[in-house]
Amino acid sequence: MDRMRRLELAAAQRPFAAYLSCSDSRVPPELLFERGLGELFIIRNAGNTLCTTALGSLEFAVTNLKVPLIVVMGHEACGAINAAVSLARGKATFSGNISKVLQSLLPAVLETDPWADHIVDAAAISNVRRVVRELREEASPALLAPQRQGSLKVVGAFYHLDSGKVDFLEN
-14 MDRMRRLELA
-4 AAQRPFAAYL
6 SCSDSRVPPE
16 LLFERGLGEL
26 FIIRNAGNTL
36 CTTALGSLEF
46 AVTNLKVPLI
56 VVMGHEACGA
66 INAAVSLARG
76 KATFSGNISK
86 VLQSLLPAVL
96 ETDPWADHIV
106 DAAAISNVRR
116 VVRELREEAS
126 PALLAPQRQG
136 SLKVVGAFYH
146 LDSGKVDFLE
156 N
């Protein structure tokens, strides 16, 4: 990176998209989409859940940075979703804050058949769709108003670890 670009970034960030994605170390949006410093505003947590911190961060991106696009991205073989499946099947118990994270993922697991094959990936996609729906319909006035005005779009995506492919999900 040249000195001028570094000075630009030191003065301000101007990301063109905000990503809510999983904190899994195999799924960094900046690398997956070959983006540089200042181009993406990233919020990561286990299972790409819409917690208060994630929602507040997205509000900041839209309100202060004028980001026109939010991408909610889940991924194949998500460990947080796998733990929520184990919880739903009664095969595991969790305590502390991880329990709260998994509780927020349970609706996506239960929308899918928790005993089905490929449940983890199906539930991860279900979770992305649930978060996208919440951001589009009930999240907060800071996100709903720009969507109604056409200055903000919210989309879902799913990353395949084995192929490196990202599928953008239909509504």
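The working numbering applies: residue -14 is where the sequence shown begins, and numbers increase by one.
Each residue gets a CB set at the ideal place from its N, CA and C atoms; glycine is no exception.
Return the residue from the list the options that minimises the CA-CA distance to residue i.
i, options, result
"residue 14", "116, -5, 97, 59", "59"
"residue -5", "1, 2, 57, -14", "-14"
"residue 35", "11, 121, -3", "121"
The alpha helix (DSSP H) that contains residue i, what's its start and end?
i, result
"residue 25", "Careful: residue 25 lies outside any alpha helix (DSSP H), inside the beta strand (DSSP E) at 25 to 30."
"residue 113", "104 to 122"
"residue 19", "Counting along the chain, residue 19 falls outside any alpha helix (DSSP H), and DSSP gives it neither H nor E."
"residue 81", "81 to 96"
"residue 134", "126 to 134"
"residue 165", "Outside the displayed span of the chain (-14 to 156) sits residue 165, for which this structure offers no information."
So, with DSSP's three-state summary, where would you put residue i?
i, result
"residue 3", "strand"
"residue 50", "coil"
The beta strand (DSSP E) that contains residue i, what's its start and end?
i, result
"residue 142", "138 to 144"
On the DSSP bridge assignment, give the partners of residue i in chain order.
i, result
"residue 60", "144"
"residue 151", "144"
"residue 55", "3, 139"
Meets three-Cβ-pair contact criterion under 8 Å: the region 16 to 24 and the region 37 to 49 = no
Specify whether the region 112 to 122 and the region 75 to 82 touch according to this definition: at least 3 beta carbon pairs, one from each stretch, less than 8 Å apart.
-> no
Could you tell me whether the region 102 to 109 touches the region 57 to 71, using the rule of 3 or more Cβ pairs below 8 Å?
-> yes
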